[in-house]
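Peer 1: Chains as they are written, first to last, in the working numbering: chain Y, 2 to 455; chain S, 8 to 237; chain A, 393 to 690.
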Amino acid sequence: MDTQAGVPERLEPERQSATFPLEVIHRIQTMSQTGRYEIRGWGAKRRVPNFDDLTFVTASVSRYPLEGYRERCDTKTVLGSRFASKPLELDIPITIAGMSFGSLSAHAKDALGRAATIVGTSTTTGDGRMTKEERAASKHLVYQCLPSRYGFNPHDVQQADAIEVVVGQGAKPGGGGMLLGQKVSERVAGMRTLPVGVDQRSASRHPDWTGPDDLTIKIAELREATNWEKPIYVKFGATRVANDVKLAIAAGADVVVIDGMQGGTGATQEVFIEHAGIPTLPAVRLAAEAIREVGKTGEVQLIVSGGIRSGSDVAKALALGADAVSIGVASLIALGCNASHYFKDGEEHDATADYLALGTSPGHCNRCETGRCPVGVTTQDPILTERLDPEISKQWVVNYLKALTMELTTLARACGKSSVHNLEPEDLVALTIEAAAMAKVPLAGTSWIPGHSF
Amino acid sequence: MDALTQTVLNCRELGVTGVNRALRQLPDGSSVLIAEPRGAHNIGVGMMGKWDITVDGNAGYYLGGLCDGPNFTVNGSVGWGVGENLMSGLIRVIGNASESAGASAHGGLLVITGDASLRCGISLKGGDIAVAGGVGHMTAFLAQAGNILVGGDAGDSLGDSLYEAVIYVGGKVKSLGSDAKISEMTATDVAKVKELAAAAGFDHIDAENVTKVSSAKTLYNFDALKNQRY
Amino acid sequence: MCGIAGLHLKNPALYPELGHLLTPIVEALTSRGPDSAGVALYDDSAPTGQLRFSLRADSPSYDWSAFAAAVAGHTGSVTTAVANFNVGLVSSAASETAMIDAIDAVDPSIVVVGVGESMTIFKDVGFPKDICDRYGIPRAGGYQAVGHTRMATESAVTMEHSHPFNPVPDLTLVHNGSFSNHATIRRALMDSGIKFDTDNDTEVGARYIGQRLGKGDDLAEAMRRVVKDFDGFFTLLVATKTEFAVVRDSFACKPLVVAETDDYVAVASEYQALADLPGINAARVFEPMPEDVHSWTR
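(1) What's the gap between the Cα of residue 494 of chain A and the Cα of residue 577 of chain A?
(2) Quick one: what's got a C-beta closer than 8 Å to residue 466 of chain A's C-beta in the same chain, skipping five residues either side?
(3) Looking at C-alpha atoms only, which residue of S/218, S/190, S/103 is the closest neighbour of residue 161 of chain S?
(4) Does the segment 519 to 529 of chain A come close enough to the segment 414 to 421 of chain A to have 3 or more Cβ pairs within less than 8 Å?
(5) Between residue 125 of chain S and chain A, is any beta-carbon pair separated by less than 8 Å?
(6) Could you compute how far the alpha carbon of residue 8 of chain S sits from the alpha carbon of residue 421 of chain Y?
(7) Give the residues of chain Y in contact with residue 521 of chain A, contact being defined as C-beta atoms less than 9 Å apart.
(8) Applying the criterion that 16 or more other CB atoms from any shown protein chain within 10 Å of the CB defines a buried residue, is residue 12 of chain Y buried or exposed?
(9) May I ask you to report which of helix, strand or coil DSSP gives residue 149 of chain S?
(10) What do you reckon, are the CB atoms on residue 250 of chain Y and residue 297 of chain Y nearer than 8 Å?
(11) Please list, in chain order, the chain Y residues whose beta carbon lies closer than 7 Å to that of residue 132 of chain S.
(12) Can you find a CB in chain Y that lies within less than 8 Å of the CB of residue 74 of chain S?
(13) For a contact meaning CB atoms closer than 8 Å, what does residue 103 of chain S contact in chain Y?
(14) Go ahead and label residue 10 of chain S buried or exposed: buried means 16 or more other beta carbons lie within 10 angstroms of its beta carbon, across all protein chains shown.
(15) Less than 8 Å between CB atoms is the rule here; does residue 211 of chain S satisfy it with respect to chain A?
(16) Taking only three categories from DSSP, how would you classify residue 633 of chain A?
(17) For residue 84 of chain S, go through chain A and note every residue whose CB falls closer than 7 Å to its CB, in chain order.
(18) According to DSSP, is residue 438 of chain A helix, strand or coil?
(19) With three or more C-beta pairs closer than 8 Å as the rule, is the segment 210 to 218 of chain Y touching the segment 120 to 128 of chain Y?
(20) When the distance is taken between beta carbons, is residue 562 of chain A closer than 8 Å to residue 632 of chain A?
(21) Smallest Cα separation from residue 224 of chain S: which of S/23, S/95, S/137, S/185?
(22) Does chain Y have any CB closer than 8 Å to the CB of residue 681 of chain A?
(23) Pull the bridge partners of residue 179 of chain Y from the DSSP assignment, please.
(24) So, is the C-beta of residue 233 of chain Y closer than 8 Å to a C-beta in chain A?
(25) Please check if any C-beta of chain A sits within less than 8 Å of the C-beta of residue 251 of chain Y.
(26) In chain Y, what lies closer than 8 Å to residue 79 of chain S by C-beta?
(27) Give me the chain Y residues within the contact set of residue 48 of chain S, using Cβ-Cβ distance strictly less than 9 Å, ordered along the chain.
(28) In angstroms, rounded to a whole number, what distance separates the CA positions of residue 101 of chain Y and residue 636 of chain A?
(29) Looking at the strands, I want to know which residues DSSP matches up with residue 262 of chain S.
(30) Which residues of chain C have a Cβ atom closer than 9 Å to the Cβ of residue 94 of chain S, listed in chain order?
(31) Taking only the alpha-carbon atoms, compute the straight-line gap between residue 560 of chain A and residue 453 of chain A and give it to the nearest angstrom.
(32) Determine, using beta-carbon pairs with one atom in the segment 439 to 449 of chain A and one in the segment 564 to 571 of chain A, whether at least three such pairs fall under 8 Å.
(33) Check whether chain Y comes within 8 Å of residue 228 of chain S, counting only Cβ atoms and requiring the distance to be less than that.
(34) Using the C-alpha atoms, what's the distance from residue 160 of chain Y back to residue 89 of chain Y?
(35) Alpha carbon to alpha carbon, how far is residue 128 of chain Y from residue 614 of chain A?
(36) Under a CB-based cut-off of 8 Å, is residue 8 of chain Y close to chain S?
Listed below in structure tokens is the structure:
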């Protein structure tokens with residue numbers, strides 16, 4: 002073999018270091034050049050044990066299925082029955098998670114709201130005020146009370162259908178909100194009482210309470226302010242789930258919302274997204290067990306979010322004890338996120354060049370924080386916003402939610418359930434040891450739940 | 008009901024929920040006395056009525072929180088979060104205020120005739136706060152808009168992470184927070200202090216001799232290379 | 393997580409009313425702590441040189457006299473017992489170690505809840521009102537009391553995990569908040585020979601102070617060290633035979649209200665818990681500033 006003088010012969014083909022793969026080399030290079038950590042959108046991208054690692058043991062000789070399409074499989078879901086005189090009555094157990102106007106474009110929020118209304122479910126405001134459009138578009142609107150309190154308004158409290166006290170979210174449990182200056186447009190700045198164009202620094206703790214004992218008084222305040230009519234949710238990222246759920250219940254929550262580490266965000270530090278919080282899979286089971294341990298199953302409802310993508314994810318979450326799921330990133334993809342094309346004035350346009358300009362490509366993009374969303378989902382730029390046609394996107398979301406529901410009921414019927422809320426952990430087995438341990442269901446083909454039984 | 012007839016609601020008898028429900032029935036222009044509050048939490052929260060409410064004693068947390076309409080006078084001290092998220096109206100506490108007084112207030116005026124505690128005006132969003140006495144640590148933390156007038160001394164980390172809110176301190180400032188700086192009083196500032204003091208009913212503040220604390224604006228855009236203190 | 397209640401009586405005329413004044417304060421803090429409650433009472437009733445052991449049996453009909461006699465058989469010291477529901481207050485002039493060994497030898501199912509010359513402790517899982525009623529707290533007398541209502545954070549809801557903690561005789565501690573580096577400090581204390589009963593973060597704070605007092609710190613100094621060494625959010629009320637002290641961490645996110653008159657010092661997590669105390673309207677009411685230790689000596 003020809004070699005240059007003095008250069009040893011290569012015996013092996015090019016290979017990356019597992020400790021320093023290309024991705025890591027690139028990140029270190031970027032940090033040394035900019036002196037800054039990476040800030041991005043979406044949730045944890047690395048593979049963690051998730052619902053794909055579980056499978057249903059559906060009907061067979063010992064269990065009988067329901068006829069698909071002909072025999073009723075109920076999806077009606079009531080949230081907030083513990084104390085509120087007006088709980089939310091939804092047609093499906095799939096809600097739209099909290100995402101702010103500011104993080105999302107006006108067209109995106111509009112499409113989501115109207116789609117949710119058509120399908121009979123709820124949307125949730127995000128960091129920074131309830132918009133008039135959102136209240137008009139959504140039949141059921143959950144109003145978030147966040148540490149930052151941007152735009153939080155007592156009149157919106159009265160107009161909401163439920164209040165969600167946000168302690169944290171899966172992408173950054175323990176961190177506050179983040180919106181970079183490029184998305185703090187005039188309208189957003191006005192709603193959040195911020196100067197235009199500054200990087201928003203959000204608090205990670207609420208300004209007027211810390212800890213579940215004082216949260217008790219805060220929840221009581223919100224209940225008093227709404228005359229005991231509206232359900233109060235408490236949302237947090239999945240970390241010390243069992244303790245947190247029990248404390249939220251002790252503090253008076255009607256509904257507990259847990260967001261696993263795969264949960265998305267519009268912008269936060271990469272280290273937070275990938276290295277804080279536990280996966281949604283163990284979080285569901287831990288939360289359901291905690292509710293049961295304090296004797297509140299049925300009284301306090303559980304909503305789970307963080308990487309819910311398919312009807313099978315919804316079915317598995319319900320089987321493990323959730324009363325409903327919330328979708329965030331998935332609903333954005335339904336709106337057009339990561340699509341290579343967008344529709345404008347009835348014509349299809351190619352957006353690939355705009356993805357490339359962000360240093361990414363369709364299917365790989367998580368650059369929500371730039372405000373330059375090529376398809377108008379997570380932008381405040383008026384021109385980019387026009388790339389999201391609310392009518393078309395609304396229909397896409399309606400289609401997606403209906404398809405999700407069909408997938409959910411297909412599996413539920415196959416398990417012999419006339420209501421999706423009758424799915425139970427015993428309908429599931431795991432395909433990996435980690436998933437068996439996390440979800441506390443047996444490894445397929447065995448009766449083994451690591452740590453519990455053989 | 009005319010302004011001379013005062014509705015009396017006894018908190019010990021009715022409980023807070025009973026008091027709040029009774030308040031909601033009242034027509035605009037009503038005058039109310041809430042008797043025997045005994046430190047109860049959540050008195051008068053989420054109210055929009057144009058009433059004059061006197062709370063005759065000490066109140067607990069969130070007195071007058073989430074309101075856009077009533078005026079409150081408290082003959083006593085208050086717990087955490089008095090007037091939290093206030094949108095409009097006057098809340099006058101004739102006593103001391105505990106932590107997070109006026110948290111996230113968007114409008115209106117909160118007056119404390121005694122001292123306010125830690126985190127006074129935290130997350131302020133356009134309301135005004137006037138404290139005759141002193142304020143505690145981390146006052147005006149992340150305060151975005153509005154004015155805070157302090158007759159006495161301010162504790163540590165005053166104005167940490169300040170946005171556009173401005174603080175005027177009659178006494179000493181123990182220490183400044185991240186991105187807070189002391190700057191020169193202008194004629195406009197002096198006029199503003201006089202106006203606030205008058206609205207609060209304070210006559211002990213020398214408007215020409217207060218310390219003005221506002222944002223140095225070095226944290227407005229993230230830039231690790233500028234050695235920003237986070 | 394919790395509610396803190398405490399009463400330090402300056403006026404001896406009020407000693408017979410200690411429990412009567414304390415109980416409403418504890419009960420008013422139930423919403424902060426519905427899971428369990430505890431009260432430590434300090435009085436002068438024990439003869440000098442005698443230690444009182446607050447012991448707990450499973451049953452309210454436990455034969456404490458027989459138990460005391462058996463214990464005396466082991467230690468050789470006269471031992472008396474006063475029954476209070478399922479708690480037996482057993483006094484003896486024998487040493488603490490001798491007594492602990494004897495108690496374990498006579499009946500290993502008996503749990504030692506607390507030890508002190510002046511102090512007795514009653515704590516249990518359940519509603520604060522039920523616990524106060526069960527042990528007759530409203531009728532108890534004494535010169536000071538430390539009380540607590542618990543909403544469990546990181547560790548289980550069991551009697552052992554309830555507050556007050558009593559790491560060394562007559563020292564009691566109650567805590568509102570959550571230490572964030574207690575696991576590391578626990579390991580350090582264990583390495584120096586200290587044994588723990590639970591995985592509870594408060595127990596670490598209590599045993600830390602117990603160790604510091606053993607090394608000669610006075611209570612205020614020990615509490616200042618806690619502020620320096622412990623991370624997290626915490627309000628502490630600590631008492632010894634002669635002292636009664638409070639401190640809050642540097643963020644002071646967990647509340648504390650102190651009301652002082654010529655007759656008493658009362659502390660509670662919320663003012664509303666103190667609202668019915670005699671003379672409260674004329675009391676000096678204040679909130680301790682971050683890191684400031686306030687202490688009163690008998």
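We put the beta carbon where it would ideally sit given N, CA and C, even for glycine.
Peer 2: Put simply:
(1) 31 Å
(2) 490, 493, 494, 497, 498
(3) S/218
(4) yes
(5) yes
(6) At residue 8 of chain S the pLDDT is 44, less than 50, meaning the model places this residue with poor confidence and gives no usable figure here.
(7) Near residue 521 of chain A there are no residues of chain Y at all, since even the closest Cβ is about 17 Å away, more than 9 Å.
(8) exposed
(9) coil
(10) yes
(11) 194
(12) yes
(13) None at all; the shortest Cβ gap to chain Y is about 17 Å.
(14) No answer about residue 10 of chain S holds up, because its pLDDT of 49 lies below 50 and its placement is not dependable.
(15) no
(16) coil
(17) 677
(18) coil
(19) no
(20) yes
(21) S/185
(22) no
(23) Y/202
(24) no
(25) yes
(26) The premise fails here: residue 79 of chain S is roughly 15 Å from chain Y at the closest Cβ pair, so nothing lies under 8 Å.
(27) 218, 221, 222, 225
(28) 49 Å
(29) Missing from the structure shown is residue 262 of chain S; chain S here goes from 8 to 237 and no further.
(30) Judged by its chain identifiers, the structure shown contains no chain C, and its protein chains are Y, S and A.
(31) 29 Å
(32) no
(33) yes
(34) 14 Å
(35) 43 Å
(36) no
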